[in-house]
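In our numbering, the protein residues as written are 11 to 373. All residues carry an ideal CB built from backbone N, CA and C; glycine is no exception. These numbers were taken from a predicted model, which means no experiment stands behind them. Data first, discussion second: the structure below is written as structure tokens.
This is the structure we're talking about:
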């Protein structure tokens, strides 16, 4: 009976992939939970350890808007000790794939329902499998790189990458590209996301069993405090005047310390904001890299950076091979997630790429 109630009040499951919506087994009738396929998502790692917990969500949302190559990003987060593993996608594209699923639709990243969290350093290649009408079908391969308990980088391929593909990815995330890729691991969807665990539950159970003992101890502690307070009233009254004088002196000194601290915090925040605006690579060096990599005869039409970490280039020429140019760009340690973009000019090709952050560039 309990299992029947769980199934009834749980949402029905759907996977949204490049091919459209695919129903998944095991769901109920309470709304629809759509898992956004890994092939529809881009990935971003955000270090929010220096921020208070209440400010971290807004900081991540701002970072996603800056990094997204589209104007309507939505995202899902896995928090790992102040580090945010963020998968984000285009709202318009996903809504088009989810048309007809109803108004009670909830979206979550499929990646949150696969694999396990690693506490240290690890590299993985996950073969994504989905049960479709009782048969297992593949949904691509995802590489994951874990560093000190947080997800440092990840990438998706439609099929297991060859040596060149793995070498390019490894160099882009600071790995030794000469080492072979890790063994392929089969990964099926988990019934619960990776962030669904509640570490407080065992502690709460133990606390509940010890409540009578804790109550008695607390009562004794309160009684002892009351006795000590009554005994000290006479002495406290005599010392009040001296304490008030000392408080006035300390307040004056403390106000100076607080003012200096606020000034230092504001200066540090300003410095960090300005450092975050630095481009991962100088324009001159980046232009030289593009000229070196791009094959064929062509000329530059447009060069823009919608954000410091995103590059958009439009070139013009006869017989431009978009696949060859994308493959050539991906060999660079400075460019990631290269993809062609729509363009209205005849004989023109527009490409978008994310610049590898300074801390991730291979020496």
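Candidates the options: closest to residue i by CA position
{"i": "residue 205", "options": "330, 121 and 65", "result": "121"}
{"i": "residue 109", "options": "31, 299, 276 and 48", "result": "31"}
{"i": "residue 197", "options": "352, 191 and 151", "result": "151"}
{"i": "residue 364", "options": "130, 321 and 310", "result": "321"}
{"i": "residue 112", "options": "44, 75 and 161", "result": "44"}
{"i": "residue 334", "options": "317, 344, 278 and 359", "result": "359"}
{"i": "residue 115", "options": "134, 264, 41 and 123", "result": "41"}
{"i": "residue 124", "options": "94, 281 and 88", "result": "88"}
{"i": "residue 199", "options": "367, 48, 325 and 346", "result": "48"}
{"i": "residue 169", "options": "82, 78, 194 and 346", "result": "194"}
{"i": "residue 345", "options": "277, 84 and 296", "result": "296"}
{"i": "residue 69", "options": "93, 268 and 340", "result": "93"}
{"i": "residue 203", "options": "260, 126, 173 and 172", "result": "126"}
{"i": "residue 21", "options": "201, 318 and 258", "result": "201"}
{"i": "residue 292", "options": "352, 277, 250 and 319", "result": "319"}
Contacts around residue i, its chain only, beta-carbon distance under 7 Å, and the 5 residues preceding and following it disregarded
{"i": "residue 441", "result": "The displayed coordinates of the chain run from 11 to 373. Any statement about residue 441 would go beyond what the structure contains."}
{"i": "residue 208", "result": "Any reading at residue 208 needs caution, since the residue's pLDDT is 36, under 50, leaving its predicted position unreliable; the model's value is listed next. Around residue 208: no qualifying Cβ."}
{"i": "residue 389", "result": "Because the chain is modelled from 11 through 373, residue 389 falls outside the range shown and cannot be assessed."}
{"i": "residue 300", "result": "323"}
{"i": "residue 175", "result": "167"}
{"i": "residue 73", "result": "54 and 56"}
Range covered by the alpha helix (DSSP H) that runs through residue i
{"i": "residue 336", "result": "332-339"}
{"i": "residue 182", "result": "173-182"}
{"i": "residue 298", "result": "293-303"}
{"i": "residue 154", "result": "Not the alpha helix (DSSP H): residue 154 falls in the beta strand (DSSP E), residues 145-157."}
{"i": "residue 189", "result": "Element bounds for residue 189: n/a, residue is neither H nor E."}
{"i": "residue 107", "result": "101-107"}
Span separating the alpha-carbon of residue i from that of residue j
{"i": "residue 302", "j": "residue 275", "result": "44 Å"}
{"i": "residue 167", "j": "residue 119", "result": "16 Å"}
{"i": "residue 240", "j": "residue 271", "result": "39 Å"}
{"i": "residue 15", "j": "residue 142", "result": "For residue 15, the pLDDT reaches just 40, beneath the cut-off of 50, and the residue's location in the model is therefore unreliable, although a value from the coordinates is still provided. Distance between the alpha carbons of residue 15 and residue 142 is about 24 Å."}
{"i": "residue 34", "j": "residue 23", "result": "5 Å"}
{"i": "residue 67", "j": "residue 234", "result": "44 Å"}
{"i": "residue 225", "j": "residue 231", "result": "10 Å"}
{"i": "residue 102", "j": "residue 349", "result": "18 Å"}
{"i": "residue 164", "j": "residue 266", "result": "48 Å"}
{"i": "residue 253", "j": "residue 264", "result": "16 Å"}
{"i": "residue 262", "j": "residue 229", "result": "40 Å"}
{"i": "residue 311", "j": "residue 106", "result": "32 Å"}
{"i": "residue 218", "j": "residue 255", "result": "No answer about residue 218 holds up, because its pLDDT of 44 lies below 50 and its placement is not dependable."}
{"i": "residue 56", "j": "residue 162", "result": "9 Å"}
{"i": "residue 144", "j": "residue 279", "result": "54 Å"}
{"i": "residue 357", "j": "residue 75", "result": "31 Å"}
{"i": "residue 325", "j": "residue 367", "result": "24 Å"}
{"i": "residue 343", "j": "residue 183", "result": "9 Å"}
{"i": "residue 28", "j": "residue 329", "result": "28 Å"}
{"i": "residue 192", "j": "residue 273", "result": "49 Å"}
Span of the beta strand (DSSP E), counted from its first residue to its last, around residue i
{"i": "residue 128", "result": "Per DSSP, residue 128 belongs to no beta strand (DSSP E) and is neither H nor E."}
{"i": "residue 118", "result": "115-119"}
{"i": "residue 165", "result": "160-167"}
{"i": "residue 366", "result": "Taken as a continuous stretch (DSSP letters only), residue 366 belongs to no beta strand (DSSP E), as it is neither H nor E."}
Neighbourhood of residue i by C-beta distance below 6 Å, restricted to the same chain and skipping five residues each side
{"i": "residue 323", "result": "313 and 361"}
{"i": "residue 187", "result": "177, 180 and 181"}
{"i": "residue 146", "result": "139"}
{"i": "residue 128", "result": "156"}
{"i": "residue 52", "result": "98"}
Check: residue i C-beta below 8 Å from any heavy atom of the ligand ZN
{"i": "residue 155", "result": "Among the components modelled here there is no ligand, and therefore nothing to report on the ligand ZN."}
Residues near residue i by beta carbon distance below 8 Å, same chain, minus five either side
{"i": "residue 46", "result": "26, 86, 97, 99, 104, 117, 118, 119 and 120"}
{"i": "residue 91", "result": "59, 159 and 160"}
{"i": "residue 131", "result": "156, 157 and 158"}
{"i": "residue 316", "result": "79 and 322"}
Item to complete: Give, in chain order, every unbroken run of the beta strand (DSSP E) that is at least 3 residues long and sits entirely within the stretch 28-81.
Response: 30-34, 42-46 and 52-57
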